[in-house]
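Okay, so the sequence shown: first residue is 935 according to this note's numbering, each after it adds one.
Note that CB positions come from ideal geometry on N, CA and C, so glycine has one too.
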Amino acid sequence: MVFGVPKGADVKEADKQKAERLGYPADDDYDYTRLGNSCWFTNIDHGRRHEPLELMTMADNIKFSRHKDLRGNEYQRYENYDAAIEVPYVDAIPSDFHGIMGVPVTFLDKYNPDQFEIVANGDDRDEMFILGVTRLGREYVGNAGRVKLGLASSRKAAFKRILIRRKAGS
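Quick look at the structure:
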């Protein structure tokens, strides 16, 4: 991505050169730069959107995970939403768990709508809007179920999470 910034703004020379190579030379009003840590997400259909995420079973993730903090340990549950499990890494999403999973936001660039449904995402206050999830025998509808996620084992709030569940047959 290339952005126009007002003349005189602090722009690294390497970024200026990269923008020029991409067809954005400086003009009278703007210098052009790039922002390396940005992503563009879309719901426009494209080929990579339907690539299934390769998953291991919960037991295999616990036994063979490349992540030391997951290997040999059970998946954590949330203190105030124990129907869901905390999945700290996208490559640790279990293939044999069909309940709600809290996954990192980095899941979005691997999201396959044929394989998963997004149940909820966090807002600026680190709360989750649970949509259509049964909790404590009640069915929440719309934004009625507001839950701030916290890990039961550490009594700490989790990082921002997206709540997902596997689609039937995937």
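- About 7 Å separates the Cβ atoms of residue 1095 and residue 1038, confirming a contact at the 8 Å cut-off.
- If you look at residue 998, you'll find it in the alpha helix (DSSP H) that goes 992 to 998.
- Residue 995 counts as buried, since at least 16 other C-beta atoms from the protein chains shown sit within 10 angstroms of its C-beta.
- Sequence-distant Cβ neighbours of residue 986 in its own chain, meaning closer than 7 Å and more than five residues away, are 1046, 1049.
- Residue 999 and residue 1010 have their C-alpha atoms spaced approximately 15 Å apart.
- Between the segment 944 to 951 and the segment 961 to 970 there are three or more C-beta pairs closer than 8 Å, enough to call the two in contact.
- No Cβ-Cβ contact shorter than 8 Å links residue 1034 with residue 1021.
- If you draw a straight line from the Cα of residue 1019 to the Cα of residue 944, it is about 44 Å long.
- Proximity to residue 957 across 937, 1036, 1042 peaks at 937, based on C-alpha coordinates.
- Put simply, of 1103, 1006, 939 the residue whose alpha carbon is nearest the alpha carbon of residue 997 is 1006.
- Annotation: residue 981 to residue 1015 spans about 35 Å, alpha carbon to alpha carbon.
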